[in-house]
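Asker:
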Amino acid sequence: MKTESGWPDVDGPDFDGAEFNWPGERRLFIGVAPSAAQQEELTALLQQLKPPLQPVTPANLHLTLLFLGQSSAVQTELLWRLLQTQQLPAFEVLLDQLELWPGPAVYCLTGVLQHPGLIQLDTVLRQAALQAGFLPPQHALRPHITLARKAKLPPEPAPQTPALLLTPSQLRLYHSLSTPTGVRYLPLASLPLQR
Ligand code: 2AM
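My numbering puts the first residue of the sequence shown at 263, with every later residue one more than the last.
See the structure below:
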């Protein structure tokens, strides 16, 4: 189903799953979104970030669980079918540190990989992706929400650090889509996390 904005409504009651039928490859990742209230709180923080920091678009705020990279429809459908047969545990993660990561030059709100549900979900996602023929991720999962890119130095003055407890109810397959107005993270499909 398409929304008024033209994007599929993965939360809608009649969303009937993704259509895995694109030609070539799409840049994909699996992640979770903050709640609407958390997105609002982070949006207020984004407004405090000035050039040269490049704040992300509020609608793009997400926590990446597994980056898939360039992905064919066949490979992605296989992964999604595998995940549909798995127990996908719910988790919570507290994001309460503002950090600048010099390598990718991102400024982000970070947490620690310690909740058993998140550790288990990370394992399930990695194993399913390997089975579907994706390359293993280059790094261990470091839970974070990217707030700004092109971050060589932290913002001055430092914003007040929020403490966000993410308790997502679903994971999402996102398409990272380049548009004339910048990158958009378009949800293609979702799966419920089991409590
Ligand atoms: P991040 O902002 O959570 O770090 C889409 O490109 C998203 O995938 C990016 O926003 C980034 O999420 C993540 N990403 C991009 N390249 C990646 C890589 N090589 N390894 C892990 N995550 C990556």
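Yeah, the Cβ is synthetic: ideal placement off N, Cα and C, and Gly gets one too.
#1: With respect to the alpha helix (DSSP H) encompassing Thr-372, which residues constitute its N-terminal and C-terminal limits?
#2: Closer than 7 Å to a non-hydrogen atom of the ligand 2AM - does that hold for the CB of Phe-396?
#3: Would you report the Cα separation of Leu-453 and Pro-313, rounded to the nearest angstrom?
#4: Please state the DSSP three-state secondary structure of Val-294.
#5: Please say whether His-377 and Phe-396 have beta carbons closer to each other than 8 Å?
#6: Quick one: using the 10 Å Cβ neighbour count with 16 as the cut-off for buried, is Leu-427 buried or exposed?
#7: With DSSP run on the structure shown, which of helix, strand or coil describes Leu-341?
#8: Have a look at the DSSP bridge pairing and note the partners of Thr-408.
#9: Could you check if Thr-326 belongs to the surroundings of the ligand 2AM, using beta carbon to heavy atom distance under 7 Å?
#10: Quick one: is Val-368 buried, meaning 16 or more other Cβ sit within 10 Å of its Cβ, or exposed?
#11: Once the 5 residues before and after Thr-305 are set aside, which same chain residues still bring their CB inside 7 Å of it?
#12: Which residues does DSSP pair with Arg-289 in a beta bridge?
#13: Output needed for Leu-311: all residues of its chain with C-beta closer than 8 Å, excluding positions within five of it in sequence on either side, in chain order.
#14: Determine the direct distance from the alpha carbon of Gln-389 to that of Gln-382, and round the result to whole angstroms.
#15: Assign Pro-442 to buried or exposed, taking buried as 16 or more other Cβ atoms, counted over all protein chains shown, within 10 Å of its Cβ.
Answerer: Answer, in terms of the structure:
#1: Counting along the chain, Thr-372 falls outside any alpha helix (DSSP H), though it belongs to the beta strand (DSSP E) covering 368 to 373.
#2: No, the Cβ of Phe-396 stays beyond 7 Å of every heavy atom of the ligand 2AM.
#3: Each residue's alpha carbon lies about 37 Å from the other.
#4: Secondary structure at Val-294: strand, using DSSP grouped into helix, strand and coil.
#5: Taking the C-beta atoms as reference points, His-377 is found no nearer than 8 Å to Phe-396.
#6: When all chains shown are included, Leu-427 counts as exposed.
#7: Three-state DSSP puts Leu-341 in a helix.
#8: Partner(s): Cys-370.
#9: At least one heavy atom of the ligand 2AM falls within 7 Å of the beta-carbon of Thr-326.
#10: Buried: at least 16 other Cβ atoms inside 10 Å.
#11: Hits under 7 Å: Pro-320.
#12: Partner(s): Gln-332.
#13: Apart from sequence neighbours up to five positions away, the residues of its chain that approach Leu-311 with a beta-carbon distance below 8 Å are Pro-317, Tyr-369, Leu-409, Ala-410, Pro-417, Pro-421, ordered along the chain.
#14: Put simply, the backbone Cα of Gln-382 is about 11 Å away from that of Gln-389.
#15: A residue is called buried when at least 16 other Cβ atoms come within 10 angstroms of its Cβ; Pro-442 does not meet this threshold and is exposed.
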